[in-house]
Amino acid sequence: MVVRAVSVPIEQIARGVSQPIEQIVHGVSEPIGQIACEVSRPMEQIARGVSQHFEKGISIRAERDSLADLKQRHGCDYPGCEHRPSDRKNWMASLGPGRLAINEIVWPATHNSATNGIGSFITRPFAECQTLSIYNQLVKGVRLLDVRVQQDGLVCHGPIKGYHVGVVFQDVKRFLSETVSEIIILEIRTEFEHNDPPEFDKYLVEGLGDYLIRQDDNVFDMTVGQVLPKRVICIWKPRNSAAPQVGGLLWSARYLKDDWINTDLPLTKFQGNLTHLGEQPPVSVRKFFYRVENTLTPQADNPGLYLTALTGWINGYARLFIAQCFSTGIADRLQVFSTDFVDDDFVDACVGLTYARVEGNA
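Position in the sequence shown counted from 1, then plus 490, gives you the working numbering.
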């Protein structure tokens, strides 16, 4: 009797104890599973990111190798390629203002021209496209400037700001005061996702009025000598304000066109530039300037690369591009050629082709 009376509560106690233990084990196992799942997700993302970065590196290497092979197989010879101006500061004057037609010029241009010293030492490697001042670029032979501004009149590249645009005017006027026959195209635009500086068109005219070439389609058929003593074609591209008036001192956006190819792949950019250039009419008949940008743009799938590194993948192929324009029968369309971190050879490549056109060899 005693044994039976005791065995019943022991069985109940055992069952009662086992149930909470099972609940505890089940309760613990669920969060452990959740934790494992949460940990695995970022690990998968990291693995995918590493894989994509690795694949991107392979693509870049293949494109760089292809460009190098193209250069080795076809070379960089074209009419005027051996010409080197003795004085880059006055290269238009050396070709003869009376002989040099506006539509024959291959304009050496810089991309994001007013970014020297922009931002802080942290942001600068991602925003600085030129290390030379505007004045020193002009002395080197650059003849088209690309300047971006924000609402307060500071030059900028995206969200990163630099000096006031008045510095650009000072440099331009200093250069013009030291030369006689050099013509400049000054493109000023309100940067993407920024507002126009108030009454900026008036500011431009007041700052450069004595030098401004009036908007006129006939300018494309004139020589430099016929345009002088005026010296600056100023193209103003606002985002919100009215476009410059026809026949005014400022030129509207329709007078400078391009097809921006947003990539960090050098062969993709090179071939895309050839394709878009081939779609343009010859310089002898069109009434606008067309720009080819020999530049690369950082991409989200290849972060951490400075602009100087990207530039090195394509800068050495400017002469190859001109040579390929001749090989493909579109050299008569090339007009504005733009680069990051401009150097002497880039300027010479453009001036050489201009020289060949003046001499009737291209």
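By construction, the Cβ of each residue, glycine as well, lies at the ideal position given by its N, Cα and C atoms.
The model shown is predicted, which means the values in this text are computed figures rather than measured ones.
{"query": "Who are the near neighbours of residue 720 in its chain, counting only those whose CB is closer than 8 angstroms to its CB and skipping five residues on each side?", "result": "701, 702, 703, 704"}
{"query": "Leaving out five residues before and five after residue 789 in sequence, what residues of the same chain have Cβ atoms less than 6 angstroms from its Cβ?", "result": "754"}
{"query": "From the DSSP output, in three-state form, read off residue 750 for me.", "result": "coil"}
{"query": "Three-state secondary structure (DSSP) at residue 772?", "result": "coil"}
{"query": "So, are the CB atoms of residue 589 and residue 842 less than 9 angstroms apart?", "result": "no"}
{"query": "Does the structure place the segment 833-848 close enough to the segment 609-618 that three or more beta carbon pairs sit under 8 angstroms?", "result": "no"}
{"query": "With DSSP collapsed to three states, give me the class of residue 828.", "result": "strand"}
{"query": "Using the Cα positions of residue 532 and residue 626, report the straight-line distance between them to the nearest angstrom.", "result": "49 angstroms"}
{"query": "Using the DSSP secondary-structure output, state which residues sit across from residue 741 in a beta bridge.", "result": "725"}
{"query": "For residue 597, does the three-state DSSP call read helix, strand or coil?", "result": "strand"}
{"query": "How far does the alpha helix (DSSP H) with residue 663 in it extend, from its first residue to its last?", "result": "655-668"}
{"query": "Once the 5 residues before and after residue 579 are set aside, which same chain residues still bring their CB inside 6 angstroms of it?", "result": "629"}
{"query": "I need the boundaries of the beta strand (DSSP E) containing residue 791, first residue and last residue.", "result": "Element bounds for residue 791: n/a, residue is neither H nor E."}
{"query": "Which same chain residues end up closer than 6 angstroms to residue 695 when comparing Cβ atoms and leaving out the 5 residues on each side of it in sequence?", "result": "739"}
{"query": "Counting only the same chain and skipping the five closest in sequence on each side, list residues whose C-beta sits under 8 angstroms from that of residue 698.", "result": "659, 662, 663, 676, 722, 724"}
{"query": "How would you label residue 691, buried or exposed, when you count the other beta carbons within 10 angstroms and need 16 or more for buried?", "result": "buried"}
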